[in-house]
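Trainee: The structure's right below; bear with me while I get my questions together.
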Amino acid sequence: MSFTERLTNLIYQCIDHSMARRMHPRIGIVSSYDPATHSVKLLRQPENIETGFIPLPSHAIGAGWGIVTGPQVGDQFVMGFIGGDVEVPFIAGRLFSDQEKPPTVQSGEILMKHQSGSSIAMRADGSVAHSSAQGLTIAAGQGVTLSSGAPMSFTGGGNLS
Numbered sequence: 095m096s097f098t099e100r101l102t103n104l105i106y107q108c109i110d111h112s113m114a115r116r117m118h119p120r121i122g123i124v125s126s127y128d129p130a131t132h133s134v135k136l137l138r139q140p141e142n143i144e145t146g147f148i149p150l151p152s153h154a155i156g157a158g159w160g161i162v163t164g165p166q167v168g169d170q171f172v173m174g175f176i177g178g179d180v181e182v183p184f185i186a187g188r189l190f191s192d193q194e195k196p197p198t199v200q201s202g203e204i205l206m207k208h209q210s211g212s213s214i215a216m217r218a219d220g221s222v223a224h225s226s227a228q229g230l231t232i233a234a235g236q237g238v239t240l241s242s243g244a245p246m247s248f249t250g251g252g253n254l255s
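Rendered as structure tokens:
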């Protein structure tokens with residue numbers, strides 16, 4: 095084997111060794127949540143090593159507005175590492191587990207469901223269903239308009255004013 099071939103092989107071995115040390119995506123289990131910064135600490139699996147605080151991703155977020163969900167200790171996330179660097183983690187998304195099963199939602203529907211049972215469902219037929227486990231408050235600064243192309247009914251256990 096020539097010197098050039100040996101040098102080339104050595105370079106490839108160094109590259110292979112370096113790439114093997116790079117971090118690949120992992121599962122992370124929430125160990126702590128900071129609602130002020132919307133970030134979590136994760137226990138990186140399978141090593142069970144705790145990260146520093148990592149910002150949570152969101153599908154829609156801006157300056158003071160957005161759709162966010164506060165995680166609970168024990169929730170699972172997929173975590174990646176920018177450039178494969180273990181010191182630069184990011185969260186790619188959440189995962190359900192056998193212990194934490196998702197609510198059932200049909201194809202083409204959107205469901206937002208709280209652990210109390212309260213929910214808002216946008217059905218495939220275009221209807222919207224809201225169910226509250228406790229009470230419902232609607233607050234408007236300018237007024238409330240209810241309109242329907244069909245008869246409306248109201249049922250309650252007290253007075254309507």
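Throughout the sequence shown, residue numbering follows the working numbering, covering 95 to 255 in sequence. C-beta atoms are modelled at their ideal positions from N, C-alpha and C, and glycine is treated no differently. Just so it is clear, the structure is predicted and the values come from calculations on it, not from any experiment.
1) Find out if the Cβ-Cβ distance for the pair P151, I185 is shorter than 8 angstroms.
2) Does DSSP put E144 in a helix, in a strand, or in coil?
3) Look at the alpha carbon of K207 and the alpha carbon of R188, and state the distance between them as a whole number of angstroms.
4) Beta-carbon within less than 8 angstroms of E203's beta-carbon, same chain only, minus the 5 sequence neighbours each way: which residues are those?
5) Give me the Cβ distance between I148 and P119, rounded to the nearest whole Å; I'm assuming they're in contact under 8 angstroms.
6) Considering only the beta carbon of each residue, do S191 and Q166 sit closer than 8 angstroms?
7) Compare the C-alpha of G211 against each of G220, A234, P197 and S201 and name the closest.
8) Please return the same chain residues whose Cβ sits closer than 7 angstroms to the Cβ of R116, not counting the five positions on each side in sequence.
9) Should V134 go down as buried or exposed, given a rule of 16 or more other Cβ atoms within 10 Å for buried?
Mentor: The short version:
1) With respect to I185, P151 sits close: the two C-beta atoms are nearer than 8 angstroms.
2) Residue state, collapsed to three classes: strand.
3) The alpha-carbon atoms of K207 and R188 are separated by roughly 16 angstroms.
4) Excluding residues within five positions, the ones whose Cβ falls inside 8 angstroms are A215, M216, R217 and A218.
5) Not quite, the Cβ-Cβ distance comes to about 14 angstroms (not below 8 angstroms), so this is no contact.
6) Contact flag unset, no.
7) If we check each option's Cα against that of G211, P197 comes out closest.
8) Here the set comprises G178.
9) By the Cβ neighbour-count rule, V134 is buried, with 16 or more other Cβ atoms within 10 Å of its own.
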